[in-house]
Amino acid sequence: MTSILLVTSSPRGAASHSSRIARDLAAKLQAAAPGATLVTRDLAAEPLPHIDTDFASGLFTPEGQRTEAQARAVAVSDAMVDELLAADAVVIATGIINFGIASTLKSWFDNIARAGRTFRYTEAGPEGLVTGKKVYLVVASGGIYSEGPAQPFDHAVPHLRTLLGFLGMTGVDVIRVEGVALGAEAEQAALSKAEKTLSKLELAA
78 MTSILLVTSS PRGAASHSSR IARDLAAKLQ AAAPGATLVT RDLAAEPLPH
128 IDTDFASGLF TPEGQRTEAQ ARAVAVSDAM VDELLAADAV VIATGIINFG
178 IASTLKSWFD NIARAGRTFR YTEAGPEGLV TGKKVYLVVA SGGIYSEGPA
228 QPFDHAVPHL RTLLGFLGMT GVDVIRVEGV ALGAEAEQAA LSKAEKTLSK
278 LELAA
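Numbering-wise, the numbering used here puts 117 at position 40 of the sequence shown, and it's gapless, one number per residue.
What follows is the structure, given as structure tokens:
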């Protein structure tokens, strides 16, 4: 492993459980691979622009003919794709917000899902081009969504697995920090469980 990409998205800053556990995981990955670089993308502190007309039209405009706004939009996407393709391991952190992922993380996926760069269409159907990477998802939630009556409301983890798989990233481990809004004891238990899960992971790119 030579490069680790850490993508966080919680708007809770220092209070974020998903970001803290993800940072701990990235540090463990880096410690397990001396010399590996760590690239951090904090989408809450530096949100990416949502894809817009300039982005959509810029993709289909030859590079030398793009407007300044189109060139800017495509350049942001190119930078995100380059970061992803350069990584051997990817750590992605999000809270479950209104049953889904953070909007800032959705924007990151919108910027990296690029036909011809991260996926392509073939006669046999779509093919993901982002292969050979290990992905770790750290997902925090106030309630319990991995099982029980609220499980059908979890549109975060299935969505993330679908997006990652479409792009070719199928080796995905999920670390949940759930039930943190159910009282101080439940919050501590959730953190302890997440840390135990972390300690049992095979940390490899």
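All C-beta atoms in this analysis are idealised placements derived from N, C-alpha and C, irrespective of residue type, glycine included. All values reported here derive from a predicted model rather than from experimental measurement.
Review point. Near Ala-179, what residues of its chain come up, given a Cβ to Cβ distance below 6 Å and the 5 sequence neighbours on each side ignored?
Key: Locating residue 179 in the sequence shown gives position 102, counting from the first residue. Correct list, in chain order: Ser-86 and Thr-171.
Check your understanding: Using DSSP with H/G/I as helix, E/B as strand and the rest coil, what is Glu-272?
Key -> In the sequence shown, counting from the first residue as 1, residue 272 sits at position 195. Helix, per DSSP.
**Study point:** Same chain, Cβ closer than 7 Å to Ala-271, neighbours up to 5 away in sequence not counted
**Key:** Here residue 271 corresponds to residue number 194 of the sequence shown, with the count starting at 1. Ile-98, Ile-252, Arg-253 and Val-254, listed in sequence order.
Exercise for review: Determine the extent of the alpha helix (DSSP H) in which Asp-155 is found, giving its start and end residues.
Suggested key: Within the sequence shown, the letter at position 78 stands for residue 155. Run containing Asp-155: 145–163, per the alpha helix (DSSP H) assignment.
Check your understanding: When you compare each of His-232, Trp-185 and Glu-145 to His-127 by their alpha carbons, which one comes out closest?
Key -> Your numbering for residue 127 matches position 50 in the sequence shown. Looking at the Cα atoms, Trp-185 is the closest of the given residues.
**Study point:** Secondary structure of Pro-229, DSSP reduced to three states
**Key:** As a working note, residue 229 is residue 152 in the sequence shown. Correct three-state label for Pro-229: helix.
Point to revise | Nearest candidate by alpha-carbon position, reference Gly-177, set Ala-201, Gly-220 and Glu-204 | key: Translated into positions along the sequence shown, residue 177 becomes position 100. Of the candidates Ala-201, Gly-220 and Glu-204, the one whose C-alpha sits nearest the C-alpha of Gly-177 is Gly-220.
Exercise for review: May I have the straight-line CA-CA distance separating Asp-187 from Asp-129, to the nearest angstrom?
Suggested key: In the sequence shown, the residue the question calls residue 187 occupies position 110. In the sequence shown, the residue the question calls residue 129 occupies position 52. If you take the alpha carbons of Asp-187 and Asp-129, they lie about 10 Å apart.
Check your understanding: From which residue to which residue does the beta strand (DSSP E) around Val-207 run?
Key -> Stepping through the sequence shown from its first residue, residue 207 is reached at position 130. From DSSP, Val-207 is part of no beta strand (DSSP E); its letter is neither H nor E.
Practice item. Can you grab the Cα-Cα spacing for the pair Val-168 / Ser-276, in whole Å? Key: The count along the sequence shown starts at 1 and reaches residue 168 at position 91. The count along the sequence shown starts at 1 and reaches residue 276 at position 199. Spanning the two alpha carbons is a distance of roughly 15 Å.
Review point. On the three-state DSSP scale, how would you describe Gly-220?
Key: By 1-based counting over the sequence shown, the position of residue 220 is 143. Looking at Gly-220 - three-state DSSP - the assignment turns out to be coil, as it is neither helix nor strand.
Exercise for review: Using three-state DSSP, classify Ile-169 as helix, strand or coil.
Suggested key: To locate residue 169, count along the sequence shown from 1; it is residue 92. Looking at Ile-169 - three-state DSSP - the assignment turns out to be strand.
Check your understanding: Touching or not, the stretch 141–152 and the stretch 196–212, by the rule of three or more beta carbon pairs under 8 Å?
Key -> No: the two stretches stay apart, fewer than three of their Cβ pairs being nearer than 8 Å.
Exercise for review: Output yes or no for whether 8 Å exceeds the beta carbon distance between Ser-96 and Phe-132.
Suggested key: Reading the sequence shown from its first residue, position 19 is the one you call residue 96. Reading the sequence shown from its first residue, position 55 is the one you call residue 132. The answer is no: Cβ separation not under 8 Å.
Check your understanding: Taking Cβ positions, are Gly-248 and Val-212 nearer each other than 8 Å?
Key -> Within the sequence shown, the letter at position 171 stands for residue 248. Within the sequence shown, the letter at position 135 stands for residue 212. Closer than 8 Å, so yes.
Check your understanding: Span of the beta strand (DSSP E) holding Ser-96?
Key -> Sequence index remark: in the sequence shown, residue 96 carries index 19 (1-based). No beta strand (DSSP E) holds Ser-96; the alpha helix (DSSP H) holding it covers 94–109.
**Study point:** First through last residue of the beta strand (DSSP E) which encompasses Ile-81
**Key:** The sequence position of residue 81 within the sequence shown is 4, counting from 1. Where Ile-81 is concerned, the enclosing beta strand (DSSP E) stretches over 80–85.
Review point. Can you tell which of Asp-165, Gly-141, Glu-262 and Met-157 has its C-alpha closest to the C-alpha of Leu-125?
Key: Counted from its first residue, the sequence shown places residue 125 at position 48. Of the listed residues, the one whose Cα sits closest to Leu-125 is Met-157.
Practice item. Assign Asp-159 to buried or exposed, taking buried as 16 or more other Cβ atoms, counted over all protein chains shown, within 10 Å of its Cβ. Key: On the sequence shown, position 82 is the one that residue 159 refers to. Label assigned to Asp-159: exposed.
Check your understanding: DSSP beta-bridge partners for Ala-201?
Key -> As a first step, residue 201 must be located in the sequence shown, where it is residue number 124. DSSP, once it has assigned bridges, lists no residue as partnering Ala-201.
Practice item. Within 10 angstroms of the Cβ of Ala-164, are there 16 or more other Cβ atoms? Answer buried if so, exposed if not. Key: In the sequence shown, the residue the question calls residue 164 occupies position 87. Looking at its Cβ environment, which holds 16 or more other Cβ atoms inside 10 Å, Ala-164 is buried.
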